[in-house]
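Have a look at this one:
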């Protein structure tokens with residue numbers, strides 16, 4: 001296992017460099033004047049342009065800029081915006097909020113999606129199966145921002161159960177409804193994926209063998225069927241955590257949440273490349289770590305998988 005973990009960590013190194021370089025090149029290579037609008041309605045003075053060009057190494061070629069950025073990043077310096085605000089400080093203030101929101105969304109989609117998928121997969125065709133299929137199709141057809149706006153209007157404006165906007169540092173309770181909106185699409189996918197996986201494995205040879213040996217139905221379902229059926233679902237949930245953190249920009253905008261989504265949006269709007277690159281590099285790290293953890297959990301769920 002230790003050898004496998006070390007090998008996987010070594011494999012992540014070129015992936016990290018490749019993805020971060022691509023992101024850095026795409027963001028910093030965007031055509032246009034990087035100082036446009038930085039000095040109000042007037043053009044920035046040449047002294048300011050020279051100062052910022054030297055500070056952000058804009059006169060170097062792209063490769064040199066990238067490795068200088070990595071050098072600062074590895075020392076804990078995430079860079080600064082053009083107005084001197086630390087990108088690391090901005091991320092530190094926004095990241096915990098988005099992480100709480102993403103965790104709530106993953107928890108909701110895992111609990112409800114798995115429960116719906118298991119029930120329909122075990123029962124087969126019937127009223128419950130049709131209900132889940134219709135409801136998941138409905139959720140898949142709705143964009144996330146529509147679900148968020150509907151929940152906000154119905155629960156906030158009409159019924160007054162929730163606040164239309166959350167506080168600056170929202171608690172887990174305030175983020176439940178935004179989490180439902182954010183995880184609704186993935187919840188539908190989890191339910192369908194679980195249902196399909198269980199329906200396929202119900203008639204597998206190892207299930208028939210376990211039943212023929214006289215094992216209790218609960219053990220057959222819980223130990224043999226569910227552990228093998230949940231593997232593709234685990235892959236989806238693990239990678240979805242990073243996707244939800246990066247895709248929360250719409251949900252955070254609807255509920256006025258000061259998270260990473262809003263930080264990326266403002267960074268793009270204000271052409272603050274350092275902010276955009278810093279947030280995306282963080283999301284890349286989350287993706288890489290989650291993919292490693294998912295691979296390691298495979299051996300826990302499926303005893304046939306062994307890492308040498």
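Residue numbers (UniProt numbering): 1 to 308. C-beta: ideal position from N, C-alpha, C; glycine also. Just so we're clear, the structure is a prediction, and the values are computed from it rather than from any experiment.
**Cβ pair residue 24, residue 58 closer than 9 Å** = Result no, Cβ atoms of residue 24 and residue 58 do not sit closer than 9 Å.
**Message:** Is the separation between the beta-carbon of residue 66 and that of residue 16 shorter than 9 Å?
**Reply:** no
**Prompt:** Would the beta-carbon of residue 256 fall within 9 Å of that of residue 93?
**Reply:** no
**Request:** Please report the residue range of the alpha helix (DSSP H) in which residue 197 lies.
**Result:** 176-201
**Message:** Contact between the region 184-194 and the region 112-129 is defined here as three or more beta-carbon pairs at a separation below 8 Å; is this criterion met?
**Reply:** yes
**Request:** Confirm, please, whether the CB-CB distance from residue 167 to residue 174 is below 9 Å.
**Result:** yes
**Item:** Through-space distance from residue 254 to residue 227, alpha-carbon basis
**Value:** Going by C-alpha positions, residue 227 is about 38 Å away from residue 254.
**Request:** State the Cα-Cα distance for the pair residue 177 and residue 267, rounded to the nearest angstrom.
**Result:** 26 Å
**Asked** Per DSSP, residue 80 is paired with what?
**Response** 86
**Request:** Run the CB neighbour count on residue 200, radius 10 Å, all protein chains shown included, and call it buried at 16 or more, exposed below.
**Result:** exposed
**Request:** Would you mind sorting residue 264 into buried or exposed? The rule is 16 or more other CB atoms within 10 Å of its CB.
**Result:** Per the 10 Å Cβ criterion, buried.
**Message:** Let me check understanding here. Comparing Cα to Cα, which of 233, 78 and 157 lies closest to residue 111?
**Reply:** 233
**Asked** So, do the region 133-140 and the region 215-227 have three or more beta carbon pairs nearer to each other than 8 Å?
**Response** no
**Message:** Restricting to Cα atoms, I'd like to know which of 275, 273, 198 and 286 is closest to residue 241.
**Reply:** 286
**Asked** Which one of 53, 204, 2 and 89 has the shortest CA to CA distance from residue 279?
**Response** 89
**Request:** Kindly indicate the opening and closing residues of the alpha helix (DSSP H) around residue 240.
**Result:** Secondary structure note for residue 240: its alpha helix (DSSP H) is the uninterrupted segment 231-246.
**Message:** Considering Cα atoms alone, identify which of 98, 225, 196 and 198 is closest to residue 209.
**Reply:** 225
**Prompt:** Nearest to residue 155 by alpha carbon, out of 181, 262, 103 and 170?
**Reply:** Nearest option by C-alpha distance: 181.
**Request:** Please name the residue, chosen from 9, 198 and 292, that lies closest to residue 129 on a Cα-to-Cα basis.
**Result:** 198
**Item:** Neighbourhood of residue 100 by C-beta distance below 7 Å, restricted to the same chain and skipping five residues each side
**Value:** 172 and 175
**Request:** Compute the distance between the beta-carbons of residue 281 and residue 9, then report whether it is under 9 Å.
**Result:** no
**Request:** Taking residue 276 as the reference, give the member of 7, 293, 18 and 91 with the closest Cα.
**Result:** 91
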